[in-house]
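**Q**
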Amino acid sequence: AQSVTQLDSHVSVSEGTPVLLRCNYSSSYSPSLFWYVQHPNKGLQLLLKYTSAATLVKGINGFEAEFKKSETSFHLTKPSAHMSDAAEYFCVVSDTGNQFYFGTGTSLTVIP
Amino acid sequence: GAVVSQHPSRVICKSGTSVKIECRSLDFQATTMFWYRQFPKQSLMLMATSNEGSKATYEQGVEKDKFLINHASLTLSTLTVTSAHPEDSSFYICSARDSARARGEQFFGPGTRLTVL
């Protein structure tokens, strides 16, 4: 069975400081993992994805995530937060690509 | 590439009426499309999986007679909310999987905000 746990429902950081959004997954197969961002009243935008290639994945807007199988984690990081990063972030796990399992989301607030 | 559109982006209707939402893959073919529902400040909940040329597969607890799904072509799936009620008000998001990719991401539409008065 597949599942995703986003450990923090809300994260606040100051502009210019690092961002860490945590995600742990459970999967019976070799999973694909994704991070999506959603701005208010908008659809989902893919930030990055892991599909069994390099364990350190670089995405758009300076975000990256590291797949750690031993820890079943796929945490999202960014060295320096920008005001425009304020949004809702979803971690997603998929086995075959047919079924997506969403985490409950983490709301990121960036303080000026 | 891999753009998914939804129409309309926002709809307000009276209770008891039916509303149709379209989901189109603009530059790829999608054998499979997905319909999600999102309540305010919550995650996406998969409602159903739409397969081109066959019946949709509904998740447990989703009324198939209320949420009619048609996937008549490789680029279009429609969700019709029949006899809508205020509790159906929500953000509906579709996604599509590129048939040419063996294993990949889903591409999401921008969503449709439904408000039932």
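Protein chains in written order, with our numbering: chain A, 1 to 112; chain B, 113 to 229. The beta-carbon is built from N, C-alpha and C at its ideal position, and this holds for glycine as well. Keep in mind it's a predicted model, so treat the numbers as computed, not measured.
#1: State the CB to CB distance for the pair SER30/A and SER3/A, rounded to an integer number of angstroms; the pair is presumed to be in contact (CB under 8 angstroms).
#2: Applying a beta-carbon distance threshold of less than 7 angstroms, which residues of chain A neighbour GLN218/B?
#3: Is it the case that the Cβ atoms of VAL131/B and VAL174/B are separated by a distance below 7 angstroms?
#4: Beta carbon of LEU48/A, beta carbon of VAL37/A: below 7 angstroms?
#5: Quick test of your reading: LEU34/A and GLU217/B, contact by CB under 8 angstroms. State the CB separation rounded to the nearest angstrom.
#6: Step through the CB atoms of chain A and report whether any lies within less than 7 angstroms of the CB of SER232/B.
#7: Identify which residue in TRP147/B, SER127/B, HIS197/B and LEU226/B has its Cα closest to the Cα of ILE181/B.
#8: Leaving out the 5 sequence neighbours to the left and right, which residues in its chain are closer than 6 angstroms to SER189/B when beta-carbon positions are compared?
#9: Jot down the residue ranges of each uninterrupted beta strand (DSSP E) in the segment 122–174 of chain B, minimum 3 residues, whole runs only, in chain order.
#10: Less than 6 angstroms between C-beta atoms, sequence neighbours within five positions excluded: which residues of the same chain meet that for GLU88/A?
#11: Taking only beta-carbon atoms, is PRO222/B less than 7 angstroms away from chain A?
#12: Please tell me whether ARG149/B and ARG225/B are closer than 7 angstroms, where the distance is taken between their beta carbons.
#13: Out of MET83/A, LEU46/A, GLU71/A and PHE67/A, state which residue places its alpha-carbon closest to the alpha-carbon of ILE60/A.
#14: Taking its Cβ as the centre, do 16 or more other Cβ atoms sit within 10 Å of PHE151/B, making it buried, or is it exposed?
**A** The structure says:
#1: Going by Cβ atoms, the distance from SER30/A to SER3/A rounds to 16 angstroms, so no, they are not a contact pair.
#2: PHE100
#3: no
#4: no
#5: The sequence shown places Phe at residue 34/A, not Leu. That pair is a contact at about 6 angstroms.
#6: Because residue 232/B is not part of the residues shown, which for chain B are 113 to 229, the question remains open.
#7: TRP147/B
#8: CYS135, MET145, SER162 and HIS183
#9: 122–125, 131–137, 144–150 and 156–163
#10: GLN38, GLY105 and SER107
#11: yes
#12: no
#13: LEU46/A
#14: exposed
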